[in-house]
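Protein chains in written order, with this note's numbering: chain A, 515 to 914; chain B, 515 to 914. Don't be surprised by glycine CBs; every beta carbon is placed ideally from N, CA and C. What you are looking at is a predicted structure, and each value in this text was computed from that prediction instead of being measured. To start, the structure itself, in structure tokens.
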């Protein structure tokens with residue numbers, strides 16, 4: 515296959531996916547987005563998940579800001595309405611901390627559930643910062659940075675404000691999601707901004723990288739999802755857990771960071787350990803596709819969905835391999851990209867009703883046929899298509 | 515097939531399953547039970563789940579107390595050691611409520627996680643009450659009854675002590691697990707005890723039945739897992755959720771209760787609505803077996819495991835149909851029992867290494883090959899075999 519064909523296909527896919535969400539997900543009554551969308555786009559549940567609200571605002575803004583064909587009033591308007599819905603409703607009234615956000619809201623914005631973690635707040639920040647870039651509203655940027663301070667405090671100083679009771683057997687762990695998410699936010703908050711902002715978050719960025727690298731375990735042969743705060747392997751299932759899609763996502767976060775700072779060693783580690791290794795350990799040799807969870811000692815994971823093929827690890831793998839190739843031009847990385855590309859586009863897109871299926875059986879059969887749900891919104895698919903389109907365009911421009 | 519063959523097979527299975535757990539699950543160092551047991555019985559994680567600790571104590575005691583061949587010192591000793599482990603470690607030290615139990619503990623008994631629900635406490639009660647019956651230790655019975663008072667307070671008066679924040683969008687619901695669990699405890703605490711105890715819990719038992727019957731919805735054509743506190747259907751996925759295995763378990767709880775009080779109407783409702791209906795709605799016509807979750811409007815459930823075939827719904831279905839048959843002698847109920855029996859014994863038992871697999875794909879292939887995990891312990895399989903053996907023995911005795 516040629517890069518050019520690939521680009522054309524990915525552009526078409528991105529247009530299709532954007533259309534799907536523009537058409538089906540907007541709540542014109544209460545603002546915000548429906549994300550529980552069935553096979554044909556019908557709303558099968560009105561609950562509004564804060565992660566997905568924030569991500570959709572972010573994605574609309576990013577497309578509007580950086581890709582000419584999406585610089586349309588309809589998209590900006592939807593992003594703004596989503597941002598307003600979040601600002602009005604996401605923070606939990608009467609909570610002991612004014613920055614704590616809900617995990618899910620009723621259609622009209624009343625809090626239903628609060629998680630004792632930082633992720634709702636992280637996606638809130640992504641939304642506000644990116645929205646501030648397209649609207650030039652400095653208040654939003656300020657709000658994003660203030661919430662960021664709170665998150666840093668929860669992660670690095672004292673997490674008791676998140677509401678989890680302190681228990682004698684519950685040892686603090688370094689769960690890869692946390693430094694990954696913070697690294698992503700550092701890149702969000704600093705990208706294209708003045709030197710002072712970059713410097714403000716520099717130490718945090720380095721700390722995140724260090725924390726992520728602690729997950730290289732077993733003499734460099736595996737990325738483990740949870741390690742001790744000293745970077746040692748934890749006992750039991752929790753310690754042996756591998757999440758290949760997550761490791762691949764960390765891989766391209768690290769590649770972006772290494773490119774930003776010109777860090778060749780980090781680039782090499784990112785490719786060897788966070789791109790190639792999770793593929794080697796995580797690819798299903800029999801049926802193709804990436805497993806969701808694996809146990810490094812080949813015990814059966816306890817997650818019932820361990821052997822399912824989910825859309826998002828494949829989205830992350832596409833970005834990771836294409837970015838690794840674009841930075842190094844090593845042909846084996848492009849070959850791998852094509853292999854994942856082939857599996858992904860053969861299995862996930864729904865050519866009849868649009869968008870992608872999210873959840874396949876190990877054998878690649880559609881197991882859940884909805885297009886959006888509590889954890890699948892307008893994010894991984896369009897982000898992957900967007901990133902791949904950018905990288906491919908860049909590669910082809912340099913090539914010509 | 516003859517009932518007699520069936521009985522012989524079930525006896526053998528029960529012996530096999532008891533042997534497996536006696537051999538592999540006892541922690542002779544710290545007390546209590548390992549429940550994360552691999553295909554061949556090896557311990558792949560040392561975490562101790564309070565639900566499963568309580569259930570194993572209960573099951574050992576019940577077997578010891580009521581089935582001659584299990585009245586062995588080894589089983590009593592294991593139950594006592596498990597009970598001691600629970601009494602020493604299950605309650606969360608320094609918690610705001612002295613009755614709150616942890617969800618999971620380290621091998622040596624330190625709390626790792628606390629759930630904001632009542633179930634750890636419920637299985638603690640089952641363990642203590644049944645243990646008091648075999649040891650004649652009245653303190654245990656008293657402790658069980660005291661904890662029961664606390665649970666009743668959480669469920670019927672004020673749940674804020676469980677630690678869930680009160681949120682404007684989080685409307686109180688009647689989730690079927692709660693009245694089912696309480697009804698099970700009422701039967702546990704009153705069985706064979708003096709009239710005063712029976713009377714003490716009579717109103718609660720009736721309330722539980724009433725709460726369970728509220729789950730008959732859609733003009734009597736479906737059992738829905740979650741309804742409003744007024745017995746109305748809830749909006750969205752939560753409201754449309756069906757859990758056929760759970761409905762079947764409720765079915766035989768209601769049958770037991772109707773037999774105890776001689777309530778023919780309740781018996782009829784139990785059989786029509788909680789035994790036959792969940793089978794009709796929940797049986798996979800194509801591949802056989804009971805689905806785990808279904809949406810009453812045929813949307814795709816959002817639970818990734820919705821179409822998997824789990825061991826425990828089949829365990830409950832066996833008890834429900836056999837009990838319904840034994841109470842009514844209607845041949846169609848026995849036929850249904852044989853159908854479920856055939857699927858169950860063809861797919862779940864591992865004839866090589868013993869015990870049952872717990873998690874199959876929709877097509878009936880083993881998806882997770884461990885014998886015990888965070889939610890699969892020494893409970894559903896032996897309870898089902900035990901109950902079926904009792905019912906079959908009784909049927910055959912009356913027949914001769």
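Cβ-based neighbour list, residue 665 of chain B, same chain, cut-off 7 Å, excluding 5 preceding and 5 following: Position 151 of the second chain, counted from the first residue, corresponds to residue 665 of chain B. If the five residues before and after residue 665 of chain B are omitted, its C-beta is found closer than 7 Å to the C-beta atoms of 632, 635, 636, all from its own chain and listed in chain order.
C-beta neighbour in chain B for residue 893 of chain A, strict 7 Å: Here residue 893 of chain A corresponds to residue number 379 of the first chain, with the count starting at 1. It does not: the Cβ of residue 893 of chain A has no partner Cβ on chain B nearer than 7 Å.
C-alpha distance - residue 675 of chain A paired with residue 598 of chain A, whole-angstrom precision: What you label residue 675 of chain A is simply residue 161 of the first chain in a count that begins at 1. What you label residue 598 of chain A is simply residue 84 of the first chain in a count that begins at 1. Roughly 26 Å between the two C-alpha positions.
Proximity test, Cβ basis, 7 Å: residue 888 of chain A and chain B: For the purposes of this step, residue 888 of chain A is taken as the residue at position 374 of the first chain. By this cut-off, residue 888 of chain A is an interface position.
Closest Cα partner of residue 822 of chain B within the set B/880, B/556, B/740: Position 308 of the second chain, counted from the first residue, corresponds to residue 822 of chain B. Selected option, being the one with the closest Cα: B/880.
Residue 704 of chain B, DSSP secondary structure in three states: Residue 704 of chain B sits at position 190 when you count from the first residue of the second chain. Here residue 704 of chain B sits in helix by DSSP.
Alpha carbon of residue 808 of chain A to alpha carbon of residue 570 of chain A, nearest angstrom: If you number the first chain from 1, residue 808 of chain A lands on position 294. If you number the first chain from 1, residue 570 of chain A lands on position 56. Spanning the alpha carbons of residue 808 of chain A and residue 570 of chain A requires a straight line of approximately 30 Å.
Short Cβ contact (7 Å threshold) for residue 888 of chain B with residue 816 of chain A: Position 374 of the second chain, counted from the first residue, corresponds to residue 888 of chain B. Position 302 of the first chain, counted from the first residue, corresponds to residue 816 of chain A. Yes; because the gap between Cβ atoms is below 7 Å, this pair is in contact.
Among B/810, B/776, B/838, B/800, nearest to residue 739 of chain B - alpha-carbon criterion: As a working mapping, residue 739 of chain B is identified with position 225 in the second chain. Answer by Cα proximity: B/810.
Beta-carbon proximity of residue 580 of chain B to residue 886 of chain B, cut-off 7 Å: In the second chain, counting from the first residue as 1, residue 580 of chain B sits at position 66. In the second chain, counting from the first residue as 1, residue 886 of chain B sits at position 372. It is not a contact, given that the beta carbons lie outside the stated cut-off.
Alpha-carbon spacing of residue 601 of chain B relative to residue 648 of chain B, whole angstroms: On the second chain, position 87 is the one that residue 601 of chain B refers to. On the second chain, position 134 is the one that residue 648 of chain B refers to. Taking the straight line joining both Cα atoms gives about 17 Å.
Unbroken stretches of the alpha helix (DSSP H), 4 residues or longer, contained in the segment 531-575 of chain B: Scanning the segment 531-575 of chain B for uninterrupted alpha helix (DSSP H) segments of 4 residues or longer gives nothing; none is fully contained.
Sequence-distant residues of its chain with Cβ nearer than 6 Å to residue 872 of chain B (five each side left out): Numbered from its first residue, the second chain carries residue 872 of chain B at position 358. Cβ within range, chain order: 825, 890.
Start and end residues, alpha helix (DSSP H) containing residue 510 of chain A: Here chain A has residues from 515 to 914 only, and residue 510 of chain A is not among them.
Simplified DSSP state of residue 739 of chain B, which is helix, strand or coil: Counted from its first residue, the second chain places residue 739 of chain B at position 225. DSSP places residue 739 of chain B in coil when its eight states are reduced to three.
Residue 806 of chain B - DSSP class collapsed to helix/strand/coil: Here residue 806 of chain B is taken as the residue at index 292 of the second chain, counted from 1. DSSP places residue 806 of chain B in coil when its eight states are reduced to three.
Length of the line joining the Cα atoms of residue 820 of chain B and residue 651 of chain A: If you number the second chain from 1, residue 820 of chain B lands on position 306. If you number the first chain from 1, residue 651 of chain A lands on position 137. Using only the alpha carbons, I get a separation of about 44 Å.
Length-filtered (3 minimum) beta strand (DSSP E) runs lying within the segment 636-723 of chain B: As far as the segment 636-723 of chain B is concerned, its whole beta strand (DSSP E) runs of at least 3 residues are 687-689.
Any chain B beta carbon closer than 7 Å to residue 692 of chain A: Sequence index remark: in the first chain, residue 692 of chain A carries index 178 (1-based). It does not: the Cβ of residue 692 of chain A has no partner Cβ on chain B nearer than 7 Å.
Under 7 Å from the C-beta of residue 814 of chain A: neighbouring residues of chain B: The residue you call residue 814 of chain A lines up with position 300 of the first chain. Think of a sphere of 7 Å around the beta carbon of residue 814 of chain A: the chain B residues whose beta carbon falls inside it are 882, 883, 884, in chain order.
7 Å Cβ cutoff, residue 834 of chain A in contact with chain B: For the purposes of this step, residue 834 of chain A is identified with residue 320 of the first chain, where counting begins at 1. False, the Cβ-Cβ gap to chain B never drops below 7 Å.
Burial state of residue 522 of chain B, where buried means 16 or more other Cβ atoms lie within 10 Å: Along the second chain, one-based indexing puts residue 522 of chain B at 8. When all chains shown are included, residue 522 of chain B counts as exposed.
Opening and closing residue of the beta strand (DSSP E) in which residue 834 of chain B lies: For this step, residue 834 of chain B is matched to residue 320 along the second chain. Run containing residue 834 of chain B: none in the beta strand (DSSP E); it sits in the alpha helix (DSSP H), 825-842.
Enclosing alpha helix (DSSP H) for residue 602 of chain A [first to last residue]: Mapped onto the first chain, residue 602 of chain A falls at position 88. 587-603 is the span of the alpha helix (DSSP H), which, as asked, contains residue 602 of chain A.
Nearest-angstrom Cα separation, counted from residue 538 of chain A out to residue 583 of chain A: Translated into positions along the first chain, residue 583 of chain A becomes position 69. Translated into positions along the first chain, residue 538 of chain A becomes position 24. Distance between residue 583 of chain A and residue 538 of chain A, taken at the CA atoms: about 20 Å.
Where residue 625 of chain B meets chain A, residues with beta-carbon distance less than 9 Å: Translated into positions along the second chain, residue 625 of chain B becomes position 111. For the C-beta of residue 625 of chain B, the chain A residues within less than 9 Å are, from N- to C-terminus, 679, 681, 682, 683, 684.
Residue from B/627, B/694, B/689 whose Cα sits closest to the Cα of residue 753 of chain B: For the purposes of this step, residue 753 of chain B is taken as the residue at position 239 of the second chain. When B/627, B/694, B/689 are compared, the shortest CA-CA separation from residue 753 of chain B is found for B/689.
Short-range partners of chain A found in the segment 755-787 of chain B, where Cβ spacing is below 7 Å: Along the segment 755-787 of chain B, none of the residues has a CB nearer than 7 Å to a CB of chain A.
Nearest-angstrom Cβ-Cβ length linking residue 780 of chain A and residue 793 of chain A, presumed shorter than 8 Å: On the first chain, position 266 is the one that residue 780 of chain A refers to. On the first chain, position 279 is the one that residue 793 of chain A refers to. No, residue 780 of chain A and residue 793 of chain A are not in contact; Cβ-Cβ is about 19 Å, not under 8 Å.
Proximal residues to residue 603 of chain B (C-beta, below 6 Å), its chain only, five neighbours per side dropped: Taking the first residue of the second chain as position 1, residue 603 of chain B is located at position 89. Spatial neighbours of residue 603 of chain B in its own chain (CB-CB distance under 6 Å, excluding positions within 5 residues in sequence) are listed in chain order as 619, 623.
Burial state of residue 519 of chain B (16 or more Cβ within 10 Å): As a working mapping, residue 519 of chain B is identified with position 5 in the second chain. With fewer than 16 other Cβ atoms within 10 Å, it is exposed.
Under 8 Å from the C-beta of residue 628 of chain A: neighbouring residues of chain B: Taking the first residue of the first chain as 1, we reach residue 628 of chain A at position 114. By Cβ distance, chain B contributes 679, 681.
Buried versus exposed call for residue 762 of chain B [16 or more other C-beta atoms within 10 Å across all chains shown]: Numbered from 1 along the second chain, position 248 holds the residue referred to as residue 762 of chain B. With at least 16 other beta carbons inside 10 angstroms of its own, residue 762 of chain B counts as buried.
Residue 669 of chain A, buried or exposed, once every other Cβ within 10 Å from all chains shown has been counted against 16: Your numbering for residue 669 of chain A matches position 155 in the first chain. Around the Cβ of residue 669 of chain A, a 10 Å sphere holds 16 or more other Cβ atoms; the residue is buried.
Closest Cα partner of residue 876 of chain B within the set B/832, B/843, B/804: Working through the second chain from its first residue, we reach residue 876 of chain B at position 362. Closest by alpha carbon: B/804.
Chain B contact for residue 620 of chain A (CB, 7 Å cutoff): For the purposes of this step, residue 620 of chain A is taken as residue 106 along the first chain, with counting starting at 1. With 7 Å as the cut-off, residue 620 of chain A counts as an interface residue toward chain B.
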